[in-house]
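Residue numbers (the numbering used here), protein chains in the order written: chain A, 18 to 130; chain B, -8 to 110. First the structure, in the form of structure tokens, and then the observations on it.
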Amino acid sequence: AQSVTQLGSHVSVSEGALVLLRCNYSSSVPPYLFWYVQYPNQGLQLLLKYTSAATLVKGINGFEAEFKKSETSFHLTKPSAHMSDAAEYFCAVTRNQGGKLIFGQGTELSVKP
Amino acid sequence: GAVVSQHPSWVICKSGTSVKIECRSLDFQATTMFWYRQFPKQSLMLMATSNEGSKATYEQGVEKDKFLINHASLTLSTLTVTSAHPEDSSFYICSARDRDRGRMNTEAFFGQGTRLTVV
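Here it is as structure tokens:
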């Protein structure tokens, strides 16, 4: 079975500070991993995805994530937080192309001025 | 490209009535669509996988007779909440995969969600 665990249901950073959102996965097969962002009362927007190519994945809005097999992690980072980054972030895993997504519990990011 | 539209974006209904939510892929064809449910401050829980032209596959614990899914075309899937009760109040989100991306299809595109309130 596959699963993802997001450490920290809420993260607060100051504007301009580093953003680090943690995600660890469990999978018996090579996983495909995703980070999504959700703004209030909206659907999900894909930030980036790992599909067994480069381990360092760059996404939209300055976000990136690094796949570390030895640590079973796929943490999301952004060098400098912006107020508009405040949202809910979900890490997700699927075992194959076209497979259903399994989501983590989400991390709410707050950005202080 | 790759836009998924849900309608309505919010709906209020009386207890005991049925509500239909539509999920449309606007610029691609989707043989598979997924329906999720999200409670406040919680993650997305997959309810069912909707396959065009065949019966939906429901996740364990989801009542198929209560949550009717129809995927009659390559661009439309509907979720009908039958005999709705207040505990069915939630945020429902659909996603779809682009059929024509084939083996490179690792991304699901999400609708904007539907807020259902049963009173």
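Using N, Cα and C, we set each Cβ at its ideal position, and we do this for glycine too.
Exercise. Within the 7 Å Cβ cut-off, does I12/B reach chain A?
Worked result: On the second sequence, residue 12/B is found 21 positions in, with the first residue counted as 1. No, no contact with chain A.
Exercise. How many whole angstroms separate the CB atoms of L65/B and T22/B, which I take to be in contact at a CB cut-off of 8 Å?
Worked result: Within the second sequence, residue 65/B is the residue found at index 74, counting from 1. Within the second sequence, residue 22/B is the residue found at index 31, counting from 1. The beta-carbon distance between L65/B and T22/B, rounded to whole angstroms, is 6 Å. This is short enough to meet the 8 Å contact definition.
Problem set entry | CA nearest to the CA of S74/B, picked from M36/B, R90/B, A(-7)/B, S9/B | The sequence position of residue 74/B within the second sequence is 83, counting from 1. Per the Cα distances, S9/B.
Exercise. For G123/A and chain B, any beta-carbon pair shorter than 7 Å?
Worked result: Along the first sequence, one-based indexing puts residue 123/A at 106. It does: the Cβ of G123/A has a partner Cβ on chain B nearer than 7 Å.
Exercise. Under a CB-based cut-off of 7 Å, is Q20/B close to chain A?
Worked result: Counting from 1 along the second sequence, the entry for residue 20/B is found at position 29. Chain A contact via Cβ: absent.
Problem set entry | Beta carbon proximity, Q103/B to chain A, threshold 7 Å | The sequence position of residue 103/B within the second sequence is 112, counting from 1. Yes, Q103/B lies at the interface with chain A (some Cβ there is under 7 Å from its Cβ).
Problem set entry | Interface flag, Q59/A vs chain B, CB-CB below 7 Å | On the first sequence, position 42 is the one that residue 59/A refers to. Yes - at least one Cβ of chain B is within 7 Å of the one on Q59/A.
For this session: Would you grab the beta carbon distance between F80/A and L65/A for me? Rounded to a whole angstrom, and I think it's under 8 Å.
Result: Within the first sequence, numbered from 1, the residue matching residue 80/A stands at position 63. Within the first sequence, numbered from 1, the residue matching residue 65/A stands at position 48. Contact flag correct, Cβ pair sits at about 6 Å.
Exercise. Can you find a CB in chain A that lies within less than 7 Å of the CB of V110/B?
Worked result: Locating residue 110/B in the second sequence gives position 119, counting from the first residue. No, V110/B does not count as interfacial toward chain A.
Exercise. How should R94/B be labelled, buried or exposed, when 16 other C-beta atoms within 10 angstroms of its C-beta is the threshold for buried?
Worked result: For the purposes of this step, residue 94/B is taken as the residue at position 103 of the second sequence. Here R94/B scores only 46 on pLDDT, less than 50, and its place in the model should not be relied on; the value that follows carries that caveat. By the 16-neighbour rule on beta-carbons within 10 angstroms, R94/B is exposed.
Exercise. Hey, V109/B and S6/B: beta-carbon distance below 7 Å or not?
Worked result: Stepping through the second sequence from its first residue, residue 109/B is reached at position 118. Stepping through the second sequence from its first residue, residue 6/B is reached at position 15. Going by C-beta atoms, V109/B is nearer than 7 Å to S6/B.
For this session: Would you identify the three-state DSSP class for R112/A, choosing helix, strand or coil?
Result: Translated into positions along the first sequence, residue 112/A becomes position 95. Coil.
For this session: Output the distance between the C-alpha atoms of Q60/A and G102/B, rounded to the nearest integer angstrom.
Result: Indexing the first sequence from 1 puts residue 60/A at position 43. Indexing the second sequence from 1 puts residue 102/B at position 111. First, the residue type needs correcting, since residue 60/A is Gly and not Gln in the sequence shown. Distance between the alpha carbons of G60/A and G102/B is about 5 Å.
Problem set entry | is_contact[L37/B, chain A] using C-beta, thresh 7 Å | Within the second sequence, numbered from 1, the residue matching residue 37/B stands at position 46. Yes, its Cβ sits closer than 7 Å to a Cβ of chain A.
Exercise. CB of A109/A to nearest heavy atom of the ligand SAH: below 6 Å?
Worked result: The ligand SAH is not among the ligands present in this structure, which contains no ligands whatsoever.
For this session: Measuring alpha carbon to alpha carbon, tell me which of K95/A, Q62/A, H92/A, E105/A ends up nearest H27/A.
Result: Mapped onto the first sequence, residue 27/A falls at position 10. Of all alpha-carbon atoms in K95/A, Q62/A, H92/A, E105/A, the one lying nearest the alpha-carbon of H27/A is that of E105/A.
Exercise. If we cut at 7 Å on Cβ distances, does K75/A have a partner in chain B?
Worked result: As a first step, residue 75/A is located in the first sequence; it is residue number 58 there, counting from the start. No, its Cβ sits nowhere closer than 7 Å to a Cβ of chain B.
Exercise. Once you ignore the five residues that flank L73/A on each side, which residues in its own chain have a CB closer than 6 Å to its CB?
Worked result: Here residue 73/A refers to the residue found at position 56 when the first sequence is read from its first residue. Only E83 meet the Cβ criterion.
Exercise. Considering only residues of the same chain and omitting the five flanking positions on each side of A109/A, which have a CB-CB separation below 8 Å?
Worked result: In the first sequence, the residue the question calls residue 109/A occupies position 92. V21, L50, F51, W52, Y53, L118, I119, F120, G121.
For this session: Would you please verify whether the beta carbon of I84/B is less than 7 Å from any beta carbon of chain A?
Result: Sequence index remark: in the second sequence, residue 84/B carries index 93 (1-based). Yes, I84/B lies at the interface with chain A (some Cβ there is under 7 Å from its Cβ).
Exercise. Does DSSP classify R94/B as helix, strand or coil?
Worked result: In the second sequence, the residue the question calls residue 94/B occupies position 103. Confidence at R94/B is low in this model, with a pLDDT of 46, below 50, so its placement is unreliable and the value that follows should be read with caution. Helix at R94/B.
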